[in-house]
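Notes follow once the structure below has been shown.
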């Protein structure tokens, strides 16, 4: 099953074609993985959008408390939350019209994966953009 969680076409779409990444759980805490991955996304030419209840400015980008608060189109919703909390953000990503969803390494929600598939939204989970770029 995990093979289709990391569908190569979905990974390639997100890494190669989609530009605006909303990073759920991104804060100003530089020790968190979300921070280093958001910085990597920026280095790779992506626009990051911090999604955090405090709506901080992170890595020079204005944050928003929720996905629904973002006043422009979101390409990818990248979720740095525990598996139990991830499904809510998958549903919100579908609701706001995100083009794709990425659940980070260790974050797995099979029911949410099925909901995204049913909505026609490509989704990968239990992997990281850094890992996928390094596999190339």
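In my numbering, the protein residues as written are 191 to 326. Every residue gets a Cβ at the ideal spot worked out from N, C-alpha and C, and that includes glycine. These numbers were taken from a predicted model, which means no experiment stands behind them.
I'd like to confirm the pairing. Which residues does DSSP put opposite residue i in its beta bridges?
i, result
"residue 292", "268, 314"
"residue 251", "248"
"residue 138", "Shown here, the chain extends from 191 to 326; a query on residue 138 therefore has no answer."
Measuring CA to CA, which of the options is closest to residue i?
i, options, result
"residue 318", "301, 308, 297, 309", "297"
"residue 235", "225, 257, 210, 242", "210"
"residue 309", "241, 291, 255, 225", "291"
"residue 306", "322, 287, 321", "287"
"residue 338", "272, 208, 194", "Absent from the model: residue 338. The displayed extent of the chain is 191 to 326, so no value can be given."
"residue 251", "304, 284, 196, 228", "228"
"residue 270", "203, 260, 258, 239", "239"
"residue 237", "259, 204, 258", "204"
"residue 195", "320, 304, 324", "304"
Around the C-beta of residue i, are 16 or more other C-beta atoms found within 10 angstroms, so that it is buried, or is it exposed?
i, result
"residue 221", "exposed"
"residue 279", "buried"
"residue 253", "buried"
"residue 262", "exposed"
State the DSSP-derived secondary structure class of residue i, mapped to helix, strand or coil.
i, result
"residue 322", "helix"
"residue 222", "coil"
"residue 260", "coil"
"residue 277", "helix"
"residue 229", "helix"
Just to check my reading of the structure: residue i and residue j have Cβ atoms closer than 8 Å, yes? What is that Cβ distance to the nearest angstrom?
i, j, result
"residue 313", "residue 200", "7 Å"
"residue 276", "residue 293", "5 Å"
"residue 302", "residue 268", "Not a contact, Cβ separation roughly 14 Å."
"residue 216", "residue 225", "7 Å"
"residue 241", "residue 256", "7 Å"
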